[in-house]
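Asker:
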Amino acid sequence: MTDNRVVYALRGELNAQIVDERGNTIMNERVREGEMFVIPQFYATLMRAGNNGFEWVSFKIKQPANEEPYGWFHFRDEGHAH
-10 MTDNRVVYAL
0 RGELNAQIVD
10 ERGNTIMNER
20 VREGEMFVIP
30 QFYATLMRAG
40 NNGFEWVSFK
50 IKQPANEEPY
60 GWFHFRDEGH
70 AH
């Protein structure tokens, strides 16, 4: 990808794997409804939906060339019933 993306899980669950430019796995997490994560620019991503599918919305984030790259994060609402 040529931009950063924020992914928000609307329904279902998936396993998300993100690999950096050196081939290091930086994320290998199960993502559930109500959670979000960032896919950094130029990082490879594999998203595998669970048995009941997965629906999401993603937002592109343009980053000025002179800024440090965003890191990745996985936000989990601990109060959310799964």
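Using our numbering, count along the sequence shown one by one with no gaps and you end on 71.
Just so you know, even glycine gets a beta-carbon here, dropped at the ideal spot from N, CA and C.
Taking the DSSP output, what are the residues bridged to THR34?
Answerer: In the sequence shown, the residue the question calls residue 34 occupies position 45. Note: THR34 sits in a beta bridge opposite ILE7.
Asker: Checking 8 Å against the spacing of the C-beta atoms, do GLY1 and GLY42 come in under that value?
Answerer: Residue mapping note: residue 1 aligns to position 12 of the sequence shown, counting from 1. Residue mapping note: residue 42 aligns to position 53 of the sequence shown, counting from 1. Against a cut-off of 8 Å, the Cβ pair of GLY42 and GLY1 comes out as a contact.
Asker: CB-CB under 7 Å to VAL(-5), same chain, minus the five flanking residues each way: which ones, in chain order?
Answerer: On the sequence shown, position 6 is the one that residue -5 refers to. So the qualifying residues of the chain are MET25, VAL27, SER47, PHE48, ILE50.
Asker: Tell me whether the beta-carbon of LEU(-1) lies closer than 8 Å to the beta-carbon of ARG37.
Answerer: Here the question's residue -1 lines up with position 10 in the sequence shown. Here the question's residue 37 lines up with position 48 in the sequence shown. Their beta carbons are not under 8 Å apart, which means LEU(-1) does not touch ARG37 by this criterion.
Asker: Which stretch, first to last residue, makes up the beta strand (DSSP E) that contains GLU18?
Answerer: Walking along the sequence shown from the start, residue 18 turns up at place 29. Counting along the chain, the beta strand (DSSP E) containing GLU18 begins and ends at 14 to 21.
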